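Shown next, in structure tokens, is the structure this report addresses.
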Amino acid sequence: MSAGAGSTRDASDLVDREASGLDVVIPARGEGSGLAACLTAILWDAGELNLRVVLVLNGEGQAEAAAVAASLGVRFEEQGHELRVLVSAPGKFHALNAAEAFRRRVPVVYLDADVVPAPGLLSRLHAALNKMAEPLLAGPRLFIAHDSCRAARAFGSVWHTMPAVRNGVIGGGCYAVNQAGRSLWGAFPPITGDDAFVCARFAGERQAALPDAAIFVHLPQGWRNLVETRTRWLRSAREGRMMAGRAEPEAPAAPKWNGTGARSASRLSLVLTSPQIWRHLPGFLAVEAIARAKTACRTEQASGWTPKRTPCHTRILSSRPRIHVVIVSHNSERDLSACLGSIRSSWAELTVTVFDNASNDRSATIAETHRSVQVIRSTVNLGFAVAVNRAVASKSEDVEWILLLNPDARIEPDAIDMLLAASLRYPDGGVFGGLGRTPDGLPIPSSCLDAPSVWSALCYAVGLRSGLGKPRAVRQGSRQAQPTPAVSGAFMLIAQEAWQRAGGFDERYFLYGEDVDLCLRIGALGRRTISVGAAGYLHVGSASSSSRAKRRMMMIRGVLTLYATHARGPLELSQGLIRIGVLLRVAAKAITDASAREVLRRRNFWWRGYSGEADGMR
């Protein structure tokens, strides 16, 4: 090869690197494990981009943050990216200005150290900014990661539905500008909110609210912290508008960026048409009223919320996670190929095992046509719990996560990575589940469930519930993340360490109930179960059940076994209430429904739940 050809290729490589260049500036002050989660998500989400991450330590917790950066610096270098660590004077504006000396002439993302980027955030911000020569500000959607604080849940449930938050660029936790946009101001001034200062410099048509890019944010816990933080937000917004010469905030970004094609609704119409937020309004309005009163009175500056410092969790400092996907199939010929085709991840390394439970159709043959899919054939239908335990044991030492997936489910392209992002936000989580939807697009309430209790049994007996209680946010299709007692095994990500400690599935269960039982046992070990509404999947349902009567009896047996194992209070009372509810339902349908008559006739079979012995169902 001639020298000229080599120079041409080098120049071409340089142009490609510049075209794919993206800078990420992260001011850090005492975020603890939040910083490790943020940097890990950036590393997993980098893809083909040419990243330079500038981490600026500007206050307490510098030693811990530096240790996190050192542990991940090698990973960034191995993947061809840069991680630079600086130290500045205390104050976020000092940190942002210190990073300017190391910024390139490429789009730049300003990211808080306590947020977790959702999959695809960096590439989508880069694509939006790189195609515009005029100044442009881009921002993602906010997925709220709730915790146990009722005040934060109430405020967040209303706040994230506001038009300006849902359809506009508010800069909360993340905002990005192209090179022309960054030239609109010089140094960051010493004001409360850098995001409000920047957003105020871009007219509505120069703000790109990207509906397919997102971050996981964590609201302050407790009424006092919420009020102080909301007061700080209001003051920073006012300061930003005053410095830009505007008295009032602008409307959200133009429709061409928010992807809806419709004008944002007013707050009043939003409240009137969103009954799911009505019960949260008192808490939200209380925080909002106090914060606005403090802002109007011009009291001393609110300090805001300092993130809770926690030790770094070693699991989030690994390289690309390894996931073992387990699918148990029984006569799933119609759905299995589509299910396997939907499995993808840009963050993780996947291995797939299909355990065929004595199918009498072509399920196993179809699975074998997919490359890199391990197929285990059983000549006997062992049931779901036994099959999963055997499939997991085939690769138990080579993975960090186990993903259970029903053969009649099809997962959204980013769903697996959304669960991984939530695992970074909740380092104490042991089980993560998504939000299922029917073919008609309706949310499936049983995507997550409450724990068995005498109260839920009573509600079932008198007809107020169809089964175990479903958390309200899941019934309404929320895209937020929240702790919950249990999630559905149709799409469930389990930490390998938690699986091993819990001993896998309880093999007494043939089908139905084993997923709730596992979540509750893992919860008893101190690892939480998290429902992630942003991780969606389509679930047809009942593909592996041979008859309606058999399916009903297995569900009843599973529920009765759950109550026998986990329900608090008198066992006979809770189980008796469940039996009353079942008998009333099947008796009402027995005249016209043959399967209900069979359930009623075979009541001795399901009356006491699963016994653990061979019973003709296997």
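Terminal number for the sequence shown in our numbering: 1108, no gaps in between.
From the three backbone atoms N, C-alpha and C, an ideal C-beta is built for every residue, glycine too.
As the structure is a prediction and not an experimental result, all values here were calculated from the model.
- Straight-line measurement puts the Cα of Glu-572 at about 17 Å from the Cα of Ala-527.
- Listed in chain order, the beta strand (DSSP E) runs fully inside the stretch 1010 to 1043 are 1018 to 1029, counting runs of at least 3 residues.
- Looking at Pro-917, Leu-1061, Ala-848 and Leu-830, the one whose alpha-carbon comes closest to that of Leu-948 is Leu-1061.
- DSSP links Val-543 through a beta bridge to Val-514 and Leu-573.
- Between Leu-529 and Asp-604, the gap from beta carbon to beta carbon reaches 9 Å or more.
- Within the model, the alpha-carbon separation for Pro-929 versus Leu-1028 is close to 7 Å.
- If you check the CB distance, Leu-547 and Ala-518 come in under 9 Å.
- Under the 10 Å beta carbon count, Met-908 is surrounded by 16 or more other beta carbons and is classified as buried.
- By a beta-carbon distance limit of 8 Å, Arg-594 contacts Gly-511. Their separation comes to about 6 Å.
- In terms of Cα proximity to Ser-819, the closest of Val-842, Ile-813 and Ala-838 is Val-842.
- Assigned with DSSP and collapsed to three states, Cys-689 falls in helix.
- DSSP places Gln-864 inside the beta strand (DSSP E), whose first and last residues are 863 to 868.
- The Cβ atoms of Ala-985 and Glu-890 sit closer than 9 Å to each other.
- Taking a contact to require three or more Cβ pairs closer than 8 Å, the stretch 1010 to 1025 and the stretch 808 to 818 do not qualify as touching.
- Residue range 697 to 707 is occupied by the beta strand (DSSP E) that includes Gln-697.
- Counting along the chain, Pro-772 sits inside the alpha helix (DSSP H) bounded by residues 771 to 787.
- Between Arg-969 and Phe-706 a beta carbon distance of about 11 Å is seen, past the 8 Å cut, so the two are scored as non-contacting.
- By the C-beta density criterion, Cys-787 is exposed, having fewer than 16 other C-beta atoms within 10 angstroms.
- Three or more Cβ pairs closer than 8 Å define a contact, and the stretch 1045 to 1062 meets that threshold against the stretch 929 to 944.
- Sequence-distant partners of Ser-1101 (beyond 5 residues in either direction) whose C-beta falls short of 8 Å from its own C-beta, in its chain, are Arg-998.
- Membership of Phe-645 in the alpha helix (DSSP H) is indicated by the continuous run 640 to 649.
- Each residue's CA atom was taken as its position, placing Ala-976 and Asn-620 some 42 Å apart.
- Collapsing the DSSP output to three states places Gly-924 in a strand.
- Out of Val-543, Phe-922 and Ala-1078, the CA that lies nearest to the CA of Glu-567 is found in Val-543.
- Residue burial is scored here from C-beta neighbours: Leu-954 has fewer than 16 other C-beta atoms within 10 angstroms and is therefore classed as exposed.
- For Leu-615, the uninterrupted alpha helix (DSSP H) run begins and ends at 611 to 620, by DSSP.
- DSSP places Arg-1058 in the strand class (E or B) of the three-state scheme.
- When rounded, the separation of the alpha-carbon atoms in Cys-689 and Phe-678 is 13 Å.
- Scanning the stretch 829 to 859 for uninterrupted beta strand (DSSP E) segments of 3 residues or longer gives 839 to 847, listed from N- to C-terminal end.
- Take the alpha-carbon of Pro-625 and the one of Leu-932: they are about 40 Å apart.
- The C-beta separation of Ile-780 from Ala-951 comes to about 43 Å, leaving the pair out of contact by the 8 Å criterion.
- The Cβ atoms of Ile-892 and Val-816 lie closer than 9 Å to each other.
- Beta-carbon to beta-carbon, Ala-971 and His-636 are separated by about 7 Å, close enough to satisfy the 8 Å threshold.
- Distances from the alpha-carbon of Ser-822 to those of Asn-896, Ser-835, Leu-771 and Ala-641 put Asn-896 closest.
- Relative to Tyr-1053, the option among Ala-1078, Trp-1097, Arg-991 and Gly-570 whose CA is nearest is Trp-1097.
- If one requires a minimum length of 4 residues, no alpha helix (DSSP H) run lies completely within the stretch 585 to 613.
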